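Take 1 as the starting number for the sequence shown in the UniProt record's numbering and just add one per residue.
As structure tokens, the structure follows; a few thoughts come after it.
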Amino acid sequence: MTLTACGGGDSGGGEDGDITLRVAWWGSDHRQRITEEAIATFEEQNEGIKIQPEYSTFDSYYDQLTTQVASNDAPDVFAIEIRRFGELARGGVMADLGDKVDTGDLNEDLLESGTIDGTQYGIPTGANAFAVMANTKVFEDAGLELPDDTTWTWEEYLELSAELSDVSDSGIYGTQISNNDAWLRVYAAQRGEEFYTDGQLGITEETVTDWFQYQLDQIEQGASPDGPRSVEIGSNVETSLIATNSGGMGMWWTNQLGTLSSGSGENVELLRMPSAGNGGSGGMFLQPTMFWAVSGNSAQQDAAAKLIDFLVNDPEAGAIQGSDRGLPMNSSVLDAVRDELPEEDQKSLAFLEDISDETDTPPTALPSGAGEIPNLLTRYSEEVYFGRMTPAEAAAQFVSEANGTLS
């Protein structure tokens with residue numbers, strides 16, 4: 001993402017004296033509906049501020065935002081994920097929200113993820129963790145018990161996945177391959193390696209090789225579908241093996257539990273990520289699901305910050321949004337809505353609280369270019385799936401290209 005100067009919409013007073021704020025985000029139809037419901041509540045409470053939503057799918061969101069920023073036409077308020085956050089903040093795109101949003105009840109560790117050099121450019125929407133999900137119906141039909149997630153290893157995860165595939169009906173697999181960079185982060189942390197160090201990859205080529213090899217082992221041992229089928233399934237949670245009752249396990253973010261549960265119609269349980277079996281760090285981490293940010297060139301920064309303050313601090317907004325953008329990180333909001341959260345959200349909350357003493361420090365702003373790393377991982381993973389590269393070859397080229405992309 002190449003950025004220039006400060007982006008910002010030309011929002012301001014309308015003919016009737018109202019302030020109009022352009023607000024952009026990505027996500028599912030469900031996210032669009034609940035966000036618009038929360039926005040409507042804000043408008044009712046703040047006469048004179050009108051919101052103009054700019055919703056899009058994730059696939060097109062950043063292309064659109066990049067174009068808007070380059071032409072000084074960025075929305076007043078926009079959502080941003082941590083992979084892109086550092087690049088935009090360092091590019092002068094975002095306003096300082098430190099004295100504009102009440103952060104007194106927000107989780108301090110997660111809040112720190114939205115700062116660069118002490119400036120609060122982003123306000124986290126909520127928290128989640130990357131974990132293993134298990135479709136209990138697939139396990140029951142296979143006559144197998146859920147694993148003990150406090151002790152299991154990657155070797156045991158692979159063995160269990162292969163066994164699930166072997167004893168289940170045709171077309172049902174033990175797991176679904178993931179090439180999400182969050183999994184690589186956990187895998188590397190278990191070896192004592194940071195994902196990024198001094199603006200470059202901190203992960204060794206050896207670790208990336210082993211990670212690619214593990215994916216290949218899943219295919220070769222029948223634990224997951226083959227390469228073509230894995231690519232066809234992709235990373236859409238709504239069409240995942242768990243959500244379609246075609247797989248026993250998979251790796252997903254905790255805020256995706258509701259989609260997996262409703263899609264499958266079955267009970268889906270959250271499990272810790274397997275360990276390296278070396279007694280070291282478990283590698284799991286809490287992460288801001290995304291941030292709300294204000295354009296540095298917005299003519300209505302105070303009103304824009306007021307909207308963000310409402311979205312992260314108001315109990316009514318918290319109840320409407322649930323865990324879609326992560327469980328609320330505001331302690332007062334969480335206390336107010338805890339008992340009213342849907343069952344899946346309460347399960348996610350209980351899981352996050354259960355692992356809270358085991359998680360690593362939330363990641364801070366990533367290097368510029370980090371938003372391209374997931375695409376590189378997917379591309380090189382597919383080269384391995386289809387046998388066009390060995391894991392070692394893919395790792396060497398990935399590390400080289402990734403470091404050339406980062407700055």
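Don't be surprised by glycine CBs; every beta carbon is placed ideally from N, CA and C.
Nothing here was measured: the structure is a model prediction, and the numbers come from that model.
Item	Value
Contact under 9 Å by Cβ, isoleucine 177 with proline 147	no
Residues bridged to residue 413 (per DSSP)	Examination of residue 413 is not possible in this model, given that the chain is present from 1 through 407 alone.
C-alpha gap between tyrosine 173 and alanine 392, whole angstroms	27 Å
Member of Met389, Asp210, Asp59 and Ile355 whose CA lies at the smallest distance from the CA of glycine 227	Met389
Selected residue, minimal CA-CA separation from valine 167, among Glu140, Asp357 and Thr150	Glu140
CB contact flag (phenylalanine 78, alanine 24, <9 Å)	yes
Pairwise C-alpha distance: glycine 250 and leucine 352	18 Å
Buried or exposed (CB count within 10 angstroms, at least 16 for buried), phenylalanine 58	exposed
Per DSSP, cross-strand counterpart(s) of tryptophan 26	Ser56
Proline 342 beta carbon less than 9 Å from that of alanine 127	no
Rounded C-alpha distance that separates glycine 370 from leucine 406	Per the sequence shown, the amino acid found at residue 370 is alanine instead of glycine. Their backbone Cα atoms lie some 6 Å apart in a straight line.
Endpoints, beta strand (DSSP E) assigned at valine 268	268-271
Under the three-state DSSP convention, the category residue 422 falls into	The requested residue 422 does not occur in the structure, where the chain is confined to residues 1 to 407.
Coil, strand or helix - asparagine 297 by DSSP	coil
Local Cβ density within 10 Å of threonine 150, reported as buried at 16 or more and exposed below that	exposed
CB-CB length for methionine 94 against valine 294, believed under 8 Å	7 Å
Beta-carbon spacing of arginine 272, alanine 131 below 9 Å	yes
Of the residues Ile219, Ala402 and Ser281, the one placed nearest alanine 189, counting alpha carbons only	Ser281
First and last residue of the uninterrupted alpha helix (DSSP H) at threonine 378	373-385
Check whether isoleucine 85 and phenylalanine 291 have beta carbons under 9 Å apart	It should be pointed out that residue 85 corresponds to phenylalanine in this sequence rather than to isoleucine. It is a contact, given that the beta carbons lie within the stated cut-off.
Cβ pair count under 8 Å reaching 3, the stretch 309-318 against the stretch 102-119	yes
4 or more residues per run - each alpha helix (DSSP H) lying fully within the stretch 186-238	205-220 and 227-233
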